[in-house]
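Read the structure below first, then the notes.
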Amino acid sequence: MRYILIILLFFICFPAFTQQSAIGSPDSVYSIVQQLQEVTVIAEKRELSPSDIPVALTVINERSIPGENNPDLRNISGIVPNFYMQEGGLKLSTPMYMRGIGTVSGTPPVGLYVDGVPVFDKNAFVFDLYDIQQIEVLRGPQTTLYGRNSINGLININTRQAGNKFALRGKIGVASYVSQNYNLVIDLPLKELRNKFSFSYNKSRGYFKNKFESERRSNPTESYNGQYQGNIYAGRNWKIGLGANYVHSFDGGYAYYAVDSLKKERYKVNYNTPSSYKRDLLRSYLSVKKSGQHAAFNWMSSYSWSKDKQILDADFTYLDVFDNYKKSKQHLVTQEINLQSAATRYWDWTIGTFGFYKDLENNYLATFGKDKHFLLPMPLDEATYYNSTTTKGIAGYGQIGVKELWPGMVLTAGLRYDYENVHLNYQDSLLLTGSSQFEAYHSSKKDKSFAAWLPKFSFLQKWEKGISLYANVAKGYKAGGYNIIVNEMSSQFVDLGYEEEELWNYEIGLKYFSPRKKFNLTAALFYIDWKDQQIFVMGMMGPSIKNAGDARSFGGELDLQWEIVPRLTYTFSAGYNHAEYYHHLTQAYEGHRIVMSPEFTGHAGLSYQMPLRSLGFENFVASTTVSGFGTQYFDEANLLKQSPYFLWNLDLYFSGKHIDFHIWGKNLLDKAFFTYMLNNPVGEKLPQYYDMGQSGSPARFGASIAFKI
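The numbering used here applies: residue 6 is where the sequence shown begins, and numbers increase by one.
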């Protein structure tokens, strides 16, 4: 608790600075505050003001993310209260937590929509956030309207719409560790057809060095991203849109090293096998909207495809114990149709249906080298794993809001029925030492179905002068499924399945938006009861999911923006959560903290803008921010621990009609911290490699120049 008091006092008293934009002229400092008073969001599947939504909500745009030439979702950790997404690691699986609820591997606890298209799997959650209109982050269950994955939150990313005039925007950036990025966005209307083409490219040498390979960089990254977005028809209350996005990325391997060694050498690894992860993603959609006098019709079809390939030194040491080679391919089709009433004074309603089909195929090869005796209980040279899962789901939902039973009152109730079926086809085989052919070991064809009713209830009371209070109760839900690999070799009869998890979230909140005082404030208190938690388990052959028990999380959140004096704006966000097990399959863990989730998050800043009339620039903005994260535990025994830490950032912007220039620095004091720790399976026989970890990013500096035509 003393850390909570320290961080709150520090953030409230410390004059830090907040952020402005990259591509596009930055608005006045006042508009940062004014924006939240005028912005509309689609959190309820219809455009509403944030003050009309009875849920904790943070709205972010490019100006809200400090540093970075091309940020991604990991960079909003701390900016959004009680939201944490692990820095570093691979795009394959980036742990994400909201209000203490999350998982290291498996299905994410927070839903993600990009331009109305659902993104199901975490290997698609990390991509460049460029040409972004705004990001909406809702905290608490959103499963009634959004269903799958949104057990404890939702992220809506809305890119800028295609314009009706020709426009060309570009950016070139450089940063520490030979990092470079290039962006290009073109609006190219053809009569009534609006088209937008965009492209980004990023590359970095990385800062981890592999001792085994003569200090070769072990975490280089490279990615490119191409996107098309168009409104192919608009007229007579109809609007038809089409979009496609292709992303290719390459990462080096996980940067894990013995914790004791990392305290002396922060950016070292010692792998005998060069590791990497390659990923290709394709997303496409067709949207149809028809607005009428009394109701609106919405149709969204999407198709997504992905494939990836991973090479992993799975023992994370210089020894030749074992390596993993993984390939996967996925196809995903989704369809949503809904009807919405036109906004009226006394009521509104939404009804809809959602369906999806997902086909996922995984192929693994594990090879065991001359040092395999440090891991294996049997003489084994190779193991192959094949896993195919087909998942089908359908849901129906409805929500109704009743208004003005007395002035300013809104009562809302919603209900969703969600059904999901998953079919598994699994096979593995072993090549024993001295044998010339593989022998089948596990073989399984199974089928599971999951179904749930998902209600929510909310009350909102609005008064004049921008004040509102709300309360809500909602059920969150995440279906079960099957693991993609068997870790138990002692028996040929194993159960790969895990069951669904669910939670109830109870929340009260306050919102205050004052244009006259140029002040915005949102605050919330919550309590979460989490049943049959799905947790990550690191096994001998790889990660898996199991249901561990029950947990609770409670805490509070605060978000404010305030223009203290003209041109000077203070921002502050903070979240506290206490998440712990109260029932666990391993009784010794009862009362322990949930892994990975920081005890608190915080972000504070102060931004100053002044006119500038030289060298083609019109405005100058200086901003600096401090982000903080509370105690984290990385294992259920609560032995692997990261103490609270704070990161200081600085941004300078020069902006004009046709050109912008941005200079930035992140983690200016070069604070050392761990982003992840784990118990290495080979550590049972090699104690010095039992506790492994990955260091957070060092101090980094960068600059970018952007042009607009």
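Cβ coordinates follow ideal geometry from the N, Cα and C atoms, glycine included.
Using the three-state DSSP reduction, which class does N161 fall into: helix, strand or coil? In the three-state reduction of the DSSP assignment, N161 falls in the strand class.
Do K5 and S56 have their CB atoms nearer than 8 Å? Residue numbering for the chain in the displayed model covers 6 to 714; residue 5 lies beyond these limits and cannot be assessed.
To which residues does DSSP link V131 through a beta bridge? According to DSSP, V131 shares a beta bridge with no other residue.
Per DSSP, which residues does S463 bridge with? Please list them. Residue pairing for S463: DSSP places it in a beta bridge opposite T417 and N477.
Nearest to L501 (by Cα), restricted to the options E227, K451 and L317: The residue from E227, K451 and L317 with its alpha-carbon nearest to that of L501 is K451.
Inter-residue Cα distance where the pair is P71 and S82: Taking C-alpha positions only, P71 is separated from S82 by approximately 11 Å.
When you compare each of V122, M103 and V407 to P114 by their alpha carbons, which one comes out closest? Checking every option, the nearest Cα to that of P114 belongs to M103.
Alpha carbon to alpha carbon, how far is L655 from T574? Give it in angstroms, no decimals. A direct Cα-to-Cα measurement between T574 and L655 gives close to 15 Å.
At a cut of 8 Å, does the region 346 to 366 reach the region 404 to 412 through at least three beta carbon pairs? A contact exists between the region 346 to 366 and the region 404 to 412.
In whole angstroms, what is the alpha-carbon distance linking G398 and A239? In this model, G398 and A239 are separated by some 32 Å (Cα to Cα).
Looking only at C-alpha atoms, which of Y362, E641 and Q138 sits nearest to V64? It is Q138 whose Cα lies nearest to the Cα of V64.
At what residue ranges does the region 227 to 280 contain a whole run of the beta strand (DSSP E), taking only runs of 3 or more? Listed in chain order, they are 243 to 257.
Spell out the partners DSSP gives M697 in its beta bridges. Beta-bridge pairing links M697 to A263 and L683.
Kindly identify the DSSP beta-bridge partner or partners of A319. For A319, which the question treats as bridged, DSSP gives no partner whatsoever.
Tell me whether the region 456 to 470 and the region 115 to 130 touch, counting them as touching only if at least three CB pairs, one residue from each stretch, are closer than 8 Å. Of all C-beta pairs linking the region 456 to 470 to the region 115 to 130, fewer than three are shorter than 8 Å, placing the two stretches out of contact.
With three or more C-beta pairs closer than 8 Å as the rule, is the region 699 to 707 touching the region 248 to 261? At 8 Å Cβ cutoff, the stretches touch.
Taking the alpha helix (DSSP H) that L655 falls in, what are its first and last residues? Looking at the DSSP string, L655 is not in any alpha helix (DSSP H); the run it does join, the beta strand (DSSP E), is Y650 to S660.
Is the distance from the Cβ of A584 to the Cβ of S558 below 8 Å? Their beta carbons are under 8 Å apart, which means A584 touches S558 by this criterion.
In chain order, what residues of the same chain lie with their CB nearer than 7 Å to the CB of E220, ignoring the 5 residues before and after it? Once the five neighbours on either side are set aside, the close Cβ partners of E220 are K214.
Which of the three DSSP states, helix, strand or coil, is assigned to Q566? Strand at Q566.
Can you tell me whether E67 is helix, strand or coil according to DSSP? Residue state, collapsed to three classes: helix.
If you drop the 5 nearest sequence neighbours on each side, which residues of the same chain put their C-beta closer than 6 Å to that of F204? If you ignore the 5 residues before and after F204, its C-beta comes within less than 6 Å of the C-beta of L189 and G231, all in its own chain and listed in chain order.
Buried or exposed for F171, going by 16 or more other Cβ atoms inside 10 Å? With fewer than 16 other Cβ atoms within 10 Å, it is exposed.
Distance CB(G485)-CB(E504) smaller than 8 Å: Here G485 is near E504, since their CB atoms are less than 8 Å apart.
List the residues that DSSP assigns as beta-bridge partners of N303. Answer by DSSP bridge pairing, in chain order: K294 and N343.
Just confirm the distance between the C-beta atoms of M101 and G93, as a whole number of angstroms; I'd bet it's less than 8 Å. About 14 Å separates the two Cβ atoms, so there is no contact after all.
For I489, which residues in the same chain have their Cβ closer than 6 Å to its Cβ, ignoring the five residues on either side in sequence? N367 and N392, listed in sequence order.
Check whether the Cβ atoms of Y282 and D320 sit closer than 8 Å, and answer yes or no. No; because the gap between Cβ atoms is not below 8 Å, this pair is not in contact.
Return the first residue and the last residue of the beta strand (DSSP E) that L365 is part of. W352 to F373 is the extent of the beta strand (DSSP E) around L365.
Could you give the first and the last residue of the continuous beta strand (DSSP E) run that contains L720? What is shown of the chain runs 6 to 714, which leaves residue 720 out entirely.
Taking the alpha carbon of L365 as the point to measure from, which residue in S307, L416 and Y431 has its own alpha carbon closest? Measuring C-alpha to C-alpha distances from L365 to each of S307, L416 and Y431 identifies Y431 as the nearest.
So who's on the other strand from D452, going by DSSP bridges? Answer by DSSP bridge pairing, in chain order: H428.
Ordered list of beta strand (DSSP E) runs contained in the region 592 to 637, each at least 3 residues: Listed in chain order, they are 605 to 619 and 622 to 634.
Buried or exposed: where does Q592 fall if 16 or more other Cβ atoms within 10 Å of its Cβ makes it buried? Classification for Q592: exposed.
Between which two residues does the alpha helix (DSSP H) harbouring T99 extend? It is not in any alpha helix (DSSP H) - T99 carries neither H nor E in the DSSP assignment.
Cβ distance (whole Å) where N154 is taken to contact G145 below 8 Å: With a Cβ gap of about 14 Å, N154 and G145 do not count as contacting.
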